[in-house]
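J.: Chains as they are written, first to last, in the numbering used here: chain A, 36 to 233; chain B, 36 to 233.
Each residue gets a CB set at the ideal place from its N, CA and C atoms; glycine is no exception.
Note that the structure is predicted; figures quoted are calculated from it, not measured.
First the structure, then my questions, so here it is.
There are 2 protein chains.
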Amino acid sequence: MQSDTRRRILDTTADLFRRHGYTGTGLKQIVAAANAPFGSIYHFFPGGKQELGEEVIRRSGRMYQELVEAVWSQGDDLVDGVRAVFDGAAEVLRATGYVDACPIATVALEVASSNDTLRRATADVFESWVTAAAERLRAGGVPSRRARPLAIAVIQLLEGGFMLSRAAQDTEAMDAAGAAAIELVAAAVRRGKLPAAR
Amino acid sequence: MQSDTRRRILDTTADLFRRHGYTGTGLKQIVAAANAPFGSIYHFFPGGKQELGEEVIRRSGRMYQELVEAVWSQGDDLVDGVRAVFDGAAEVLRATGYVDACPIATVALEVASSNDTLRRATADVFESWVTAAAERLRAGGVPSRRARPLAIAVIQLLEGGFMLSRAAQDTEAMDAAGAAAIELVAAAVRRGKLPAAR
DNA sequence: GTCTATAGAAGGATAGAC
DNA sequence: GTCTATCCTTCTATAGAC
Numbered sequence: 036m037q038s039d040t041r042r043r044i045l046d047t048t049a050d051l052f053r054r055h056g057y058t059g060t061g062l063k064q065i066v067a068a069a070n071a072p073f074g075s076i077y078h079f080f081p082g083g084k085q086e087l088g089e090e091v092i093r094r095s096g097r098m099y100q101e102l103v104e105a106v107w108s109q110g111d112d113l114v115d116g117v118r119a120v121f122d123g124a125a126e127v128l129r130a131t132g133y134v135d136a137c138p139i140a141t142v143a144l145e146v147a148s149s150n151d152t153l154r155r156a157t158a159d160v161f162e163s164w165v166t167a168a169a170e171r172l173r174a175g176g177v178p179s180r181r182a183r184p185l186a187i188a189v190i191q192l193l194e195g196g197f198m199l200s201r202a203a204q205d206t207e208a209m210d211a212a213g214a215a216a217i218e219l220v221a222a223a224v225r226r227g228k229l230p231a232a233r
Numbered sequence: 036m037q038s039d040t041r042r043r044i045l046d047t048t049a050d051l052f053r054r055h056g057y058t059g060t061g062l063k064q065i066v067a068a069a070n071a072p073f074g075s076i077y078h079f080f081p082g083g084k085q086e087l088g089e090e091v092i093r094r095s096g097r098m099y100q101e102l103v104e105a106v107w108s109q110g111d112d113l114v115d116g117v118r119a120v121f122d123g124a125a126e127v128l129r130a131t132g133y134v135d136a137c138p139i140a141t142v143a144l145e146v147a148s149s150n151d152t153l154r155r156a157t158a159d160v161f162e163s164w165v166t167a168a169a170e171r172l173r174a175g176g177v178p179s180r181r182a183r184p185l186a187i188a189v190i191q192l193l194e195g196g197f198m199l200s201r202a203a204q205d206t207e208a209m210d211a212a213g214a215a216a217i218e219l220v221a222a223a224v225r226r227g228k229l230p231a232a233r
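As structure tokens, then:
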């Protein structure tokens with residue numbers, strides 16, 4: 036089955052990008068880890084590394100969004116959901132030796148000033164995360180006008196949490212990020228319940 | 036003067052790391068941009084790319100901390116200082132076409148799972164930023180116990196702001212980060228003024 | 001001690017056998 | 001259409017001329 040090799044290449048590349056970034060991951064390294072012949076990359080992705088990279092970014096963005104939404108939904112209310120996301124992130128960091136973090140953050144910073152096609156792909160992923168999170172915040176009682184900037188802040192805290200926690204190999208930073216996110220969300224919900232708000 | 040070449044290599048490398056990251060920056064690219072002979076790198080940094088990289092990380096960390104502290108000090112009080120930092124970051128992003136951001140963030144994510152020496156260097160830089168920011172927050176009236184996690188959150192919002200703003204080539208994310216940071220700091224100061232707090 | 005030339009490995013990409 | 005062998009470039013690093 037041809038699509039099986041293709042999928043294996045995508046999975047492997049996503050994994051290597053998350054660990055070592057875009058420039059840090061070689062095509063030979065990918066096919067070796069995916070047990071695929073070298074030519075398969077150019078068979079399935081005629082545009083080479085960039086085409087493969089773009090598909091991996093968009094696909095990882097979708098998959099990670101689904102994962103986070105599933106964890107978020109475990110919470111009974113908004114604050115519980117946010118707490119579950121940050122607690123889950125800290126748990127995954129600990130369990131994987133601080134390697135499994137955001138699948139696109141490293142790539143996003145790497146390509147931001149050097150590859151416009153890939154930069155755009157990372158921007159689209161972040162935008163879809165922001166939109167989805169804002170929608171959840173609104174549904175949970177955050178005043179509509181405040182939902183989007185709050186969603187951005189929550190995602191930034193998560194990304195910052197990954198960055199500092201991976202560097203320090205310690206979840207203190209992710210814990211602090213979660214506490215800050217919870218405080219911001221709780222305050223926004225409180226404001227939403229006041230008669231004057233919105 | 037020999038130390039002039041050395042300094043030029045350090046400055047150039049810092050600039051290239053910020054734009055293209057660690058793996059994305061080649062030694063030949065560095066000497067070309069620094070107008071230095073190739074051998075100079077190994078003359079001044081016998082440990083090669085890693086030794087140069089470590090010194091650049093620690094040096095950039097110090098310099099950026101000084102820059103941020105200078106901007107922070109422009110504010111009259113704590114909230115004003117934080118606002119100045121995020122406004123300044125947004126301004127620099129706009130003015131440089133979204134290339135001049137945090138000097139070590141890209142490198143930090145790249146090396147977190149692949150080079151322990153450099154990972155440790157980035158961790159040390161983040162830690163020194165956290166310590167300094169926490170000290171300022173305490174001096175500005177934030178209860179001592181809350182200063183450190185708050186400092187972490189503020190730095191994470193700044194880093195997340197750089198990441199999302201560079202990807203989108205838009206300062207909306209940095210503006211949202213600043214607003215969130217201000218809200219968190221203002222709330223902490225308010226809590227510090229309550230008699231029951233601390 | 002400043003600089004050039006080059007080694008040896010790894011990078012992305014391609015051609016063509018089967 | 002699956003895979004191998006190879007091309008050319010670039011990488012880090014070193015040797016040695018001057």
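Could you spell out where the alpha helix (DSSP H) holding T157 of chain A opens and where it closes?
T.: Where T157 of chain A is concerned, the enclosing alpha helix (DSSP H) stretches over D151 to A174.
J.: Does V134 of chain A get closer than 8 Å to chain B when you measure Cβ to Cβ?
T.: Yes, its Cβ sits closer than 8 Å to a Cβ of chain B.
J.: What is the DSSP secondary structure of Q204 of chain A, counted as helix, strand or coil?
T.: Residue state, collapsed to three classes: coil.
J.: Going by CA-CA distance only, name the one from A:Y99, A:P184 and A:D122 that's closest to G110 of chain A.
T.: Nearest option by C-alpha distance: A:D122.
J.: Are the C-beta of A182 of chain B and some C-beta of chain A separated by less than 8 Å?
T.: Output row for A182 of chain B: interface = no.
J.: Around the C-beta of F73 of chain A, are 16 or more other C-beta atoms found within 10 angstroms, so that it is buried, or is it exposed?
T.: Its Cβ having fewer than 16 others within 10 Å, F73 of chain A is exposed.
J.: According to the Cβ coordinates, are L128 of chain A and A136 of chain A closer than 8 Å?
T.: A contact, by the Cβ cut-off of 8 Å.
J.: Compute every distance between the C-beta of A221 of chain A and the non-hydrogen atoms of the ligand ATP, then say whether any falls below 7 Å.
T.: Absence of the ligand ATP is noted for the structure shown, with no ligands found whatsoever.
J.: Who are the neighbours of R218 of chain A on chain B, taking C-beta pairs under 8 Å?
T.: Correcting the residue type first, residue 218 of chain A is Glu in the shown sequence and not Arg. Near E218 of chain A (Cβ distances below 8 Å), the residues of chain B are L219 and A222.
J.: Taking the alpha helix (DSSP H) that S148 of chain B belongs to, which residues open and close that run?
T.: Looking at the DSSP string, S148 of chain B is not in any alpha helix (DSSP H), and its letter there is neither H nor E.
J.: Along the alpha helix (DSSP H) that carries D122 of chain B, what are the first and last residues, could you check?
T.: Element bounds for D122 of chain B: L113 to A130.
J.: Look at the alpha carbon of E194 of chain B and the alpha carbon of P81 of chain A, and state the distance between them as a whole number of angstroms.
T.: Answer to the nearest angstrom: the Cα atoms are 35 Å apart.
J.: Any beta carbon of chain A sitting closer than 8 Å to that of I65 of chain B?
T.: So no, I65 of chain B is outside the interface.
J.: With a threshold of 8 Å between beta-carbons, can F73 of chain B be considered close to chain A, or not?
T.: No - not a single Cβ of chain A is within 8 Å of the one on F73 of chain B.
J.: If the criterion is Cβ atoms closer than 8 Å, does the pair I92 of chain B and V160 of chain B meet it?
T.: Going by C-beta atoms, I92 of chain B is nearer than 8 Å to V160 of chain B.
J.: To be precise: take each residue of the region 42–60 of chain B, compare its Cβ to all Cβ atoms of chain A, and keep it if any distance is under 7 Å. Which residues remain?
T.: Residues passing the 7 Å Cβ filter: R54, H55, G56, T58 and G59.
J.: Along the chain, where does the alpha helix (DSSP H) containing G110 of chain A start, and where does it finish?
T.: Segment: none, G110 of chain A is in no alpha helix (DSSP H) and carries neither H nor E.
J.: What's the gap between the Cα of V117 of chain A and the Cα of R154 of chain B?
T.: Taking the straight line from one Cα to the other gives about 28 Å.
J.: Can you name the residues of chain B whose CB is closer than 9 Å to the CB of F161 of chain A?
T.: Within chain B, the residues near F161 of chain A are M198, L199, A202, A203 and A208.
J.: Counting Cβ pairs closer than 8 Å, one from the region 214–227 of chain A and one from the region 179–194 of chain B, do we hit at least three?
T.: Yes: at least three Cβ pairs fall under 8 Å.
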